[in-house]
Amino acid sequence: MPQQTKTFRIFVSSTFSDLKAERNALHEKVFPELQKLCEANGCRFQAVSQRPNFVILLGDRYGWIPLPPQVEASEYEEIRSRVADDDKTLLAEWYRLDTNAVPPEYVLRPRREEVYTTMTIFCFRFSRKTSPLST
2 MPQQTKTFRI FVSSTFSDLK AERNALHEKV FPELQKLCEA NGCRFQAVSQ RPNFVILLGD
62 RYGWIPLPPQ VEASEYEEIR SRVADDDKTL LAEWYRLDTN AVPPEYVLRP RREEVYTTMT
122 IFCFRFSRKT SPLST
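The sequence shown begins at 2 in our numbering and counts up by one.
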């Protein structure tokens with residue numbers, strides 16, 4: 002019976018965009034060293050896209066936290082008064098004041114692609130309607 006070679010398979014699980022540098026470091030520096038270590042001990046090493054084993058990258062983050070869909074105007078103004086100017090610009094881009102709400106609140110704007118999709122659907126529907134004057 003042929004002797005089987007032990008294979009160590011590693012799947013890296015992390016939030017992709019937040020820990021990109023760390024993932025790249027694993028692939029460029031750590032994994033080649035693991036490959037050499039395994040070969041020196043008669044084993045094989047594979048970084049895989051399946052999930053047989055896990056390496057979890059933990060950072061000072063708790064993952065993605067969505068922005069609140071609305072913020073009371075008084076709280077928004079308090080936050081705005083304490084952030085840097087660049088962040089004030091971002092807040093103005095991301096939120097709009099809804100004075101019809103009681104109490105007034107800032108509402109998170111849709112993402113640009115959502116706006117474009119909505120506008121495209123609206124324009125398509127509008128263009129498909131026939132004018133009563135064209136009969």
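We put the beta carbon where it would ideally sit given N, CA and C, even for glycine. Keep in mind the model is a prediction, meaning the values are calculated, not measured.
Beta-bridge pairing by DSSP links residue 103 to no other residue.
Between the alpha carbons of residue 22 and residue 97 lies a gap of roughly 34 Å. For residue 11, DSSP records a beta bridge to 48. Its chain contains 109 as the residues whose beta carbon lies nearer than 6 Å to that of residue 70, once the 5 sequence neighbours on both sides are disregarded; these appear in chain order. Burial is judged here by how many other beta carbons sit within 10 angstroms of a residue's own beta carbon; residue 106 has at least 16 and is buried.
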